[in-house]
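Following: one structure in structure tokens, then a few remarks.
In our numbering, the protein residues as written are 5 to 293.
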């Protein structure tokens, strides 16, 4: 309803209470006809089932008898791997709980770099064990509180009884730790070489400043794949690498103590377009070209 106030020429709009409530109600929106909405126990069990399905997908990729999975990527390429994150990132899911499980794997890979399969299986088992308690009528907050208490106890046990101190300056101990991580990977056949290269790479990029140790592998280290050769030809290059072809066949393939110039412009020879004509009216024009 619109009307003008006394002595006012500006219209004023007044909404009834019912219409106003409908406008600000966050649950008052239209859903697609095919949208499915679950709530209560049904939604909880649906989330648990989705999480268990994701965990079962990569369960056989864990342990000393882990099996490789053949994954077909969107580009048509075939990936043979037992890495949980590499498998899950190629899976297209619609369920919110399944998407959360895949997000857990991605976060684990970014923050730790390993254990993506283990964290998914652990999360799936934790949710699977809650199903029986939900069926018995326990509230979800009670189960969450119990899991938090179990987490605190687990961390305390790991700090006091289940952990073994490792001297990072002892190369043999560090190699044993790395080898335990590579044992289930496809690279296990060349584990000795891989452990040596991995440890040298970490020690190369490690920075210690003000008593703080920083190891940024993703920023300061990278893999460069060159066709040809075998895995045994792999090595660590402590420096910068530019994968470029030689300009001339007679160029030296190795230069000792070279002089290196760093430029922020291109020095490549640019060919002119066909049927190009140049017109000079003086020496400055020739110098400009």
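Built from N, CA and C at the ideal position, the CB exists for glycine as well.
Contact annotation: residue 49 and residue 135 have beta-carbon atoms nearer than 8 angstroms. Non-local beta-carbon contacts of residue 198 in its own chain, meaning distances under 6 angstroms to residues more than five positions away in sequence, involve 186 and 191 in chain order.
DSSP assignment within the region 61-129 yields the following whole alpha helix (DSSP H) runs of 4 residues or more, N-terminal first: 88-92 and 100-115. According to the DSSP assignment, residue 211 belongs to the beta strand (DSSP E) that extends over 211-213. Secondary structure at residue 258: coil, using DSSP grouped into helix, strand and coil. Residue 216: member of the beta strand (DSSP E) spanning 216-218, first to last residue. Taking the Cα positions, residue 95 is about 28 angstroms away from residue 44.
Residues of the same chain with a CB within less than 8 angstroms of the CB of residue 61, apart from the 5 flanking positions on each side, are 91, 92 and 95 in chain order. Two segments are said to touch when three or more pairs of C-beta atoms, one from each, lie closer than 8 angstroms; by this definition the region 112-127 touches the region 64-72. The C-beta of residue 131 has 16 or more other C-beta atoms within 10 Å across all chains shown, which makes the residue buried. Under the criterion of beta carbons closer than 8 angstroms, residue 113 and residue 89 qualify as touching, at roughly 4 angstroms.
According to the DSSP assignment, residue 224 belongs to the alpha helix (DSSP H) that extends over 221-224.
Of the other Cβ atoms in all chains shown, 16 or more fall within 10 Å of the Cβ of residue 101; this residue is therefore buried.
Assignment of residue 244 by DSSP, reduced to helix, strand and coil, places it in the coil class.
For the pair residue 66 and residue 74, the CB atoms are not nearer than the 8 angstroms cut-off. Contact between the region 236-256 and the region 136-152 is absent, with fewer than three C-beta pairs closer than 8 angstroms. Setting aside the 5 residues that flank it on each side, residue 106 is surrounded in the same chain by 58, 92, 93, 95 and 97, each with a C-beta closer than 8 angstroms to its C-beta; the list follows chain order. Leaving aside the five residues that flank residue 56 on each side, the residues in its chain whose CB is nearer than 6 angstroms to its CB run, in chain order, 128 and 132. Secondary structure at residue 204: helix, using DSSP grouped into helix, strand and coil. Straight through space, the alpha carbons of residue 170 and residue 177 are spaced by roughly 7 angstroms. In the three-state DSSP reduction, residue 57 falls in the helix class (H, G or I). Residue burial is scored here from C-beta neighbours: residue 52 has at least 16 other C-beta atoms within 10 angstroms and is therefore classed as buried.
Residue 202 is positioned such that its CB atom lies closer than 8 angstroms to that of residue 182.
The DSSP-derived three-state label of residue 146 is helix.
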